[in-house]
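A.B. asks: So the sequence shown is numbered by our numbering: it starts at 47 and just counts up by one. Pasting a structure here, questions to come.
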Amino acid sequence: MIDDVLKPIHGGPDGGPEPLYDFSTNANALGPNPVILAHLRRADPSRYPDPLYRRLRQALAEAHGVAPEQVAVGTGTSELIHRLARWNYLRGPILLLPPTFSEYARAARALDLPLWEARNPEEFLHLLPRSSLAFLCVPNNPTGEVYPFLEEASRRAGGALVLDLAYHDLMEDPPPLPQRAWRLYSPNKAHGLTGVRAGYLVAPLDLTHFQHLAPSWPVSVYGEALLLGHLDPEARAWLAESRSTLHRLRRLLAQGLRGLGLEVRESPANFLLVRVGEATAVARALRERGIRVRDATSFGLPQWLRLSAQPEEAIQVLIEALEAVLARVD
Ligand SMILES: Cc1ncc(COP(=O)(O)O)c(C=O)c1O
């Protein structure tokens with residue numbers, strides 16, 4: 047049971063040797079962003095950060111055109127997701143539209159909250175008025191879907207409709223977002239800095255009480271430097287450039303996979319899904335060849351792998367290895 051909970055289904059080491067190529071995480075493969083690295087180097091680890099994160103929340107609020115009280119910071123959005131589920135103000139049924147990021151369901155289960163997993167968008171919209179907390183990931187991890195009903199969902203929401211924007215900054219053509227929705231931001235993905243644990247929430251109301259649900263100093267000085275640094279226009283310029291390279295690489299990867307006769311679903315960000323048959327067996331065989339991929343079985347997609355855009359050399363190695371592995375598995 048404990049093993050099951052701790053299984054490395056997300057990023058981070060999987061206990062095996064260091065992979066030669068890692069397609070399993072969706073962090074920007076061209077990172078880390080050197081502009082933000084310079085911000086991190088200037089951080090002073092000999093002092094505590096401001097426990098109220100005044101300057102940081104002010105800067106984030108200005109960037110989003112809201113009041114600083116509408117911004118809460120946390121040790122990554124995973125922590126903020128769990129904190130949202132713990133907040134009495136939103137306590138009640140948690141609504142999801144699977145397959146999606148596993149942390150929402152994990153938070154609900156850990157707290158024994160009712161977990162409503164809608165079978166389709168119609169059911170999701172139908173259940174929304176009675177849910178306390180609903181999550182939609184835009185674009186969705188792992189399917190890459192961008193739901194066309196965000197405005198309607200925001201109007202129908204009985205409690206909080208939270209849009210998880212982990213990969214939004216990596217989209218070519220981001221959709222407009224409803225004003226009333228709650229928004230989770232994790233800049234560590236787009237800037238290739240997932241080892242720095244920091245994220246933030248923007249909500250249409252005062253989050254002072256929510257911020258007090260966290261222990262003091264949930265964000266380190268490095269997290270602070272990342273969240274401030276990602277607002278730096280030079281950091282944004284680096285991101286814009288790397289984004290177009292990533293899309294070119296994602297298309298190249300998709301083309302190579304289709305060349306093997308495989309079905310591919312490209313996201314509008316830096317990742318895609320590919321149907322390989324027995325995903326777990328294929329992922330294991332690739333791992334033995336030093337290539338790490340994300341088996342989508344835990345998302346309820348046992349025939350699919352999720353792959354992120356990687357440099358050309360890595361793509362070539364993967365395509366060759368996959369061809370060999372599929373010939374063997376067949
Ligand atoms: C969709 C989505 N949301 C949130 C997270 C959590 O990211 P972090 O805790 O680093 O902000 C992830 C991480 O993989 C993710 O894929």
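Cβ coordinates follow ideal geometry from the N, Cα and C atoms, glycine included.
Suppose only complete runs of 4+ residues qualify. What are the alpha helix (DSSP H) ranges in the region 171 to 239, listed by chain order?
C.D. replies: If we require 4 residues or more, the alpha helix (DSSP H) runs fully inside the region 171 to 239 come out as 196 to 202 and 233 to 236.
A.B. asks: Could you name the residues of the same chain whose beta carbon sits closer than 6 Å to that of Glu309, not counting the 5 residues immediately before and after it, in chain order?
C.D. replies: Sequence index remark: in the sequence shown, residue 309 carries index 263 (1-based). Contacts found: Arg321.
A.B. asks: Under 7 Å Cβ to Cβ from Pro91, same chain only, skipping five residues before and after it: list those, please.
C.D. replies: Walking along the sequence shown from the start, residue 91 turns up at place 45. Contacts found: Val267.
A.B. asks: Only counting the same chain, and skipping five residues up and downstream in sequence, which positions put a Cβ closer than 7 Å to that of Val112?
C.D. replies: Residue mapping note: residue 112 aligns to position 66 of the sequence shown, counting from 1. If we look at Val112 and ignore the five residues flanking it on each side, its Cβ neighbours are Val248.
A.B. asks: I'd like the span of the alpha helix (DSSP H) that includes Phe256, first residue to last.
C.D. replies: For the purposes of this step, residue 256 is identified with residue 210 of the sequence shown, where counting begins at 1. Residues Thr254 to Gln257.
A.B. asks: In terms of residues, what are the limits of the alpha helix (DSSP H) holding Ser344?
C.D. replies: Translated into positions along the sequence shown, residue 344 becomes position 298. Unbroken run through Ser344: none, as it is neither H nor E.
A.B. asks: Does the region 310 to 319 come close enough to the region 346 to 361 to have 3 or more Cβ pairs within less than 8 Å?
C.D. replies: Cβ pair count under 8 Å is three or more, so yes.
A.B. asks: Once the 5 residues before and after Ala315 are set aside, which same chain residues still bring their CB inside 7 Å of it?
C.D. replies: As a position in the sequence shown, residue 315 is number 269, starting the count at 1. Excluding positions up to five away in sequence, the list reads Pro185, Gly190, Tyr213, Leu216 and Met217.
A.B. asks: Is the CB-CB distance between Ser178 and Gly138 below 7 Å?
C.D. replies: As a first step, residue 178 must be located in the sequence shown, where it is residue number 132. As a first step, residue 138 must be located in the sequence shown, where it is residue number 92. It is a contact, given that the beta carbons lie within the stated cut-off.
A.B. asks: Of all the beta strand (DSSP E) runs that stay within the bounds of the region 314 to 375, which reach a length of 3 or more residues?
C.D. replies: Within the region 314 to 375, the complete beta strand (DSSP E) runs of at least 3 residues are 317 to 321 and 350 to 354.
A.B. asks: Would you call the CB atoms of Ala244 and Leu272 closer than 7 Å?
C.D. replies: In the sequence shown, counting from the first residue as 1, residue 244 sits at position 198. In the sequence shown, counting from the first residue as 1, residue 272 sits at position 226. Their beta carbons are under 7 Å apart, which means Ala244 touches Leu272 by this criterion.
A.B. asks: Which residues mark the beginning and the end of the beta strand (DSSP E) in which Val248 is found?
C.D. replies: In the sequence shown, counting from the first residue as 1, residue 248 sits at position 202. Taken as a continuous stretch (DSSP letters only), the beta strand (DSSP E) holding Val248 covers Gly245 to Val248.
A.B. asks: In this structure, does DSSP put Gly120 in helix, strand or coil?
C.D. replies: Looking up residue 120 in the sequence shown gives position 74. Three-state result, Gly120: strand.
A.B. asks: Less than 6 Å separating the Cβ of Ala342 from some heavy atom of ligand 1?
C.D. replies: Locating residue 342 in the sequence shown gives position 296, counting from the first residue. Incorrect: Ala342 has no Cβ contact closer than 6 Å to ligand 1.
A.B. asks: Quick check on Leu298: does DSSP put it in helix, strand or coil?
C.D. replies: Residue numbering aside, residue 298 sits at position 252 when the sequence shown is read from its first letter. Helix, per DSSP.
A.B. asks: Would you give the residue range spanned by the beta strand (DSSP E) that Glu312 belongs to?
C.D. replies: Mapped onto the sequence shown, residue 312 falls at position 266. Here the beta strand (DSSP E) through Glu312 covers Val310 to Glu312.
A.B. asks: With a threshold of 6 Å (Cβ to nearest heavy atom), would Asp210 be considered close to ligand 1?
C.D. replies: Counted from its first residue, the sequence shown places residue 210 at position 164. Within the cutoff, so yes.
A.B. asks: Is it buried or exposed, Ala75, if we count other Cβ atoms within 10 angstroms and call 16 or more buried?
C.D. replies: Along the sequence shown, read from residue 1 onward, the residue named residue 75 stands at position 29. The residue is buried, with at least 16 neighbouring Cβ atoms inside 10 Å.
A.B. asks: Between which two residues does the alpha helix (DSSP H) holding Leu28 run?
C.D. replies: For the chain, the structure presents residues 47 to 376; residue 28 sits outside this window and is missing.
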